[in-house]
Every structure is written in C-alpha cells, then in structure tokens.
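A.B. asks: First the structure, which I've put down as structure tokens, then a few questions once you've had a look.
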Amino acid sequence: MTSAQPSISPDVASLLDRLTLLERSASSELAIIEERLPELRRQAKARSKRRRGPGSPDAEKYKLGSILALLGFRGIDDLVLLGLLASGDRGLQWLAEARVEQGPMSFADLVRTAIADEKRADWCRAWGEYRWKAYKRPIYDAAVTSFLESGRTGEAEAWRSRDITDDQADIIQDICEAADVPLPDLNTRGEAFEWIREKGGNPAYWDEPEQPPEWED
Numbered sequence: 127m128t129s130a131q132p133s134i135s136p137d138v139a140s141l142l143d144r145l146t147l148l149e150r151s152a153s154s155e156l157a158i159i160e161e162r163l164p165e166l167r168r169q170a171k172a173r174s175k176r177r178r179g180p181g182s183p184d185a186e187k188y189k190l191g192s193i194l195a196l197l198g199f200r201g202i203d204d205l206v207l208l209g210l211l212a213s214g215d216r217g218l219q220w221l222a223e224a225r226v227e228q229g230p231m232s233f234a235d236l237v238r239t240a241i242a243d244e245k246r247a248d249w250c251r252a253w254g255e256y257r258w259k260a261y262k263r264p265i266y267d268a269a270v271t272s273f274l275e276s277g278r279t280g281e282a283e284a285w286r287s288r289d290i291t292d293d294q295a296d297i298i299q300d301i302c303e304a305a306d307v308p309l310p311d312l313n314t315r316g317e318a319f320e321w322i323r324e325k326g327g328n329p330a331y332w333d334e335p336e337q338p339p340e341w342e343d
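Here the sequence shown stands for residues 127 to 343, numbered as in our numbering.
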C-alpha cells in the first residue's frame with residue numbers, strides 16, 4: 127500500500143526539474159559510449175600523470191571537481207554520488223522527501239540527508255559502480271572480449287608474454303578500487319588477461335543492481 131505523498135513546494139519542484147535534466151544528460155552520455163573508446167584509452171594512459179594544462183580534457187574534469195568541493199561535496203563517496211545522480215526517479219524522490227522533511231538546506235547537505243540511510247548509500251554505490259563499469263565497457267571489450275572472439279587465447283600465443291597494456295592496467299585499477307582490494311602482482315599481458323577475465327567475466331558483474339522489494343511502488 128502506497129502512503130500519501132506530501133505536497134511539493136515550487137522550490138522542490140524546480141529542484142526536481144533540474145535533477146531530471148541532469149539524469150537525462152547522464153543517460154544521453156551513456157548512449158554514445160561506444161564512440162568514446164579513444165578518449166577512454168587516452169585517460170587510461172594519462173592516469174598516472176594527469177595533464178592539467180588549460181584546454182585539456184582533464185583540466186575540465188578538475189574544474190568540475192573543484193566546483194563540487196566548493197559546494198560542500200568534499201568527503202562524499204564519489205560512487206555513491208554518481209549512483210544517486212544517475213538513479214532517476216528514485217534519487218529524485220529521496221531528495222524531494224529530504225527537502226520537505228528537513229526544510230531549506232544546501233544541495234550538498236540535501237544529498238547527505240538523502241543518503242544517510244545505510245541501505246540507500248549501499249544501493250547508490252552499487253548503482254554508481256554499475257554506471258562506471260558501463261561507461262568503461264569499451265576498454266574491457268577491447269582488452270578481453272575482442273581476444274575471446276578472435277580465438278587467439280591459447281597458452282602459446284606470443285602476446286601473453288608481453289608487457290601489460292594501458293587498457294589492462296586501467297581496468298585492473300578500476301576493479302580493485304571498486305572492490306577495495308590491493309592491486310594484484312601481475313607481470314605479463316597474459317596474466318592480466320586471465321585476471322580481468324576472471325573478475326569481469328561473470329555475467330553478474332555487468333548486471334544492474336536490484337532495488338530492495340520494499341522500495342517498489
């Protein structure tokens with residue numbers, strides 16, 4: 127049985143409109159992901175030495191990050207925030223409820239209030255991880271799926287003894303950061319290939335996180 131929803135003030139309605147536009151923007155970006163493999167590879171190669179010069183792609187990301195810090199988002203888990211902002215109506219509902227229940231507050235505090243519940247935060251982090259993995263999927267396909275489809279995965283293949291690629295290093299770091307585990311001690315491209323295939327080869331790795339039944343409308 128669905129409980130009656132409180133009336134929403136014009137301020138909250140405006141907030142919902144802005145967040146809806148943000149969510150649509152994120153969905154649009156995800157829809158063209160396959161066109162972004164070159165940029166993803168450039169980011170992977172530059173990961174250990176980010177370029178901060180004016181006009182560089184990374185400089186734009188730093189500016190956006192500094193804005194979030196300025197607005198009070200410092201200390202909020204980045205994947206939780208990504209999951210909340212990318213969760214569509216579910217996240218909008220939580221933000222609106224927090225505003226109605228708690229009154230005026232900064233947007234950063236509104237977000238903190240919305241994810242104060244541990245179950246919500248855990249789900250948002252899982253959703254953020256899913257969206258990040260989906261964004262980086264082209265690199266995974268280039269490093270693993272393409273080799274599987276080519277049939278060149280035998281133990282005697284010459285590529286196995288070569289150095290780990292930038293794509294592989296980037297995927298490994300993402301997986302370890304998401305799982306909060308230390309980086310593995312891998313020395314060759316073949317070792318990295320098998321490690322990534324084991325960690326990311328489970329179909330469940332790519333599934334959307336399920337909502338708890340009690341959240342269903």
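Backbone N, C-alpha and C define an ideal beta-carbon position, used for all residues, glycine too.
Thinking C-alpha only, which one of Ser140, Leu194, Glu320 is nearest Gly280?
C.D. replies: That would be Glu320, whose Cα lies nearest to the Cα of Gly280.
A.B. asks: Buried or exposed: Tyr188, going by 16 or more other Cβ atoms within 10 Å of its Cβ?
C.D. replies: Tyr188 comes out exposed.
A.B. asks: Counting only runs that start and end within the stretch 210–272, where is the beta strand (DSSP E) found for 3 or more residues in a row?
C.D. replies: If we require 3 residues or more, the stretch 210–272 turns out to have no beta strand (DSSP E) run fully inside it.
A.B. asks: Does the Cβ of Leu196 have 16 or more other Cβ atoms within 10 Å, making it buried, or fewer, making it exposed?
C.D. replies: So Leu196 counts as exposed.
A.B. asks: Given Ile241, which residues of its chain have a CB within under 7 Å of its CB, disregarding the five upstream and five downstream residues?
C.D. replies: Taken in chain order, the residues that qualify are Val206, Leu210, Ala247, Cys250.
A.B. asks: DSSP three-state label for Arg315, please.
C.D. replies: Looking at Arg315 - three-state DSSP - the assignment turns out to be helix.
A.B. asks: Helix, strand or coil for Val307? Go by DSSP, reduced to three states.
C.D. replies: Val307 falls in the coil class under three-state DSSP.
A.B. asks: How big is the Cα-Cα spacing for Ser276 and Glu324?
C.D. replies: C-alpha separation (whole angstroms): 18 Å.
A.B. asks: Is DSSP giving Gly326 helix, strand or coil here?
C.D. replies: In the structure shown, Gly326 sits in a helix (DSSP, three-state: H, G or I).
A.B. asks: According to DSSP, is Ala282 helix, strand or coil?
C.D. replies: Coil.
A.B. asks: Does the separation of the CB atoms of Arg238 and Ile202 fall below 9 Å?
C.D. replies: Contact flag set, yes.
A.B. asks: Alpha carbon to alpha carbon, what distance is there between Ser287 and Arg200?
C.D. replies: Their backbone Cα atoms lie some 43 Å apart in a straight line.
A.B. asks: Please classify Trp341: is it buried, with 16 or more other beta-carbons within 10 angstroms of its beta-carbon, or exposed?
C.D. replies: Exposed, by the Cβ-count rule.
A.B. asks: Using a Cβ-Cβ cutoff of less than 7 Å, which residues in the same chain neighbour Ala284 once the five nearest sequence positions on both sides are dropped?
C.D. replies: So no residue of the chain qualifies.
A.B. asks: Tell me whether the beta-carbon of Ala298 lies closer than 9 Å to the beta-carbon of Ile265.
C.D. replies: For clarity, residue 298 is Ile in the given sequence; the question names Ala instead. Against a cut-off of 9 Å, the Cβ pair of Ile265 and Ile298 comes out as no contact.
A.B. asks: Indicate whether Leu236 and Gln228 have their beta-carbon atoms separated by less than 9 Å.
C.D. replies: Cβ atoms of Leu236 and Gln228: closer than 9 Å.
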